[in-house]
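Asker: Please see the structure below; I have some questions.
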Amino acid sequence: MENLSKKVGYLKGLLEGMDIDAGSANGKLMAGIVDLLSELSDRVEVMDELLDDLNDYVESIDDDLAELEGEHRDDDDDFSILDDEDEDFDDAFGDGEDKLHLLQPDKDLPPAPEGEEGPDALAGKLCPKCHKMFFTALEDGDEDEYDCPHCGERIVPVPLTPDNAPIARPVGKD
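Under the working numbering, the first residue of the sequence shown carries the number 878, and numbering increases by one thereafter.
Given below as structure tokens:
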């Protein structure tokens, strides 16, 4: 990005060295363009720094995840959040089957045909009554009715978008 700043600086110097009347329409236009390029260059530099920080953060998360996956493989292959003896868990989901797999593809199924989502692909939805998020099958229509898993109301959910998604913020950073 240094090259971008140098180029904008060169254009500023070139504009100042030219014999253009700063009060004329052409002079105002050229000065405005160079000022705009300068501001954009500064913003690009800031965004580049933020992107570098974000990349570092994602890499650290990836390293932590790899470390956790390594610990999981070392322990045993039967991962469970609760003990197998936990009857509340078994009663809640019947047959003791872990329903948490809904958020990840089933490893036993063949891959989906090219250009199609697998059978367990999910879409985030919001309940218009209680405004809580839940998931539906991706292939379900946007006009299908559901019973909200949170409030129990029969609703047509709202598709989850960046504009209406609940966003978690770090504690103490507003």
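We put the beta carbon where it would ideally sit given N, CA and C, even for glycine.
(1) Do I897 and D903 have their beta-carbon atoms positioned less than 8 angstroms apart in this structure?
(2) Along the chain, where does the beta strand (DSSP E) that runs through M1010 open and close?
(3) What's the call for C1028, buried or exposed, on a 16-neighbour Cβ count within 10 Å?
(4) Using the Cα positions of E946 and K889, report the straight-line distance between them to the nearest angstrom.
(5) In three-state terms, what does DSSP make of D1024?
(6) Measuring alpha carbon to alpha carbon, tell me which of D919, G1018 and V1033 ends up nearest C1025.
(7) Please name the residue in V935, G886 and L881 whose C-alpha comes closest to that of E922.
Answerer: Looking at the atomic coordinates:
(1) In the sequence under discussion, the amino acid at residue 903 is Asn, which differs from the Asp named in the question. Yes. Within cutoff.
(2) M1010 to A1014
(3) Under this definition C1028 is an exposed residue.
(4) Take the alpha-carbon of E946 and the one of K889: they are about 53 angstroms apart.
(5) Three-state DSSP puts D1024 in a strand.
(6) V1033
(7) L881
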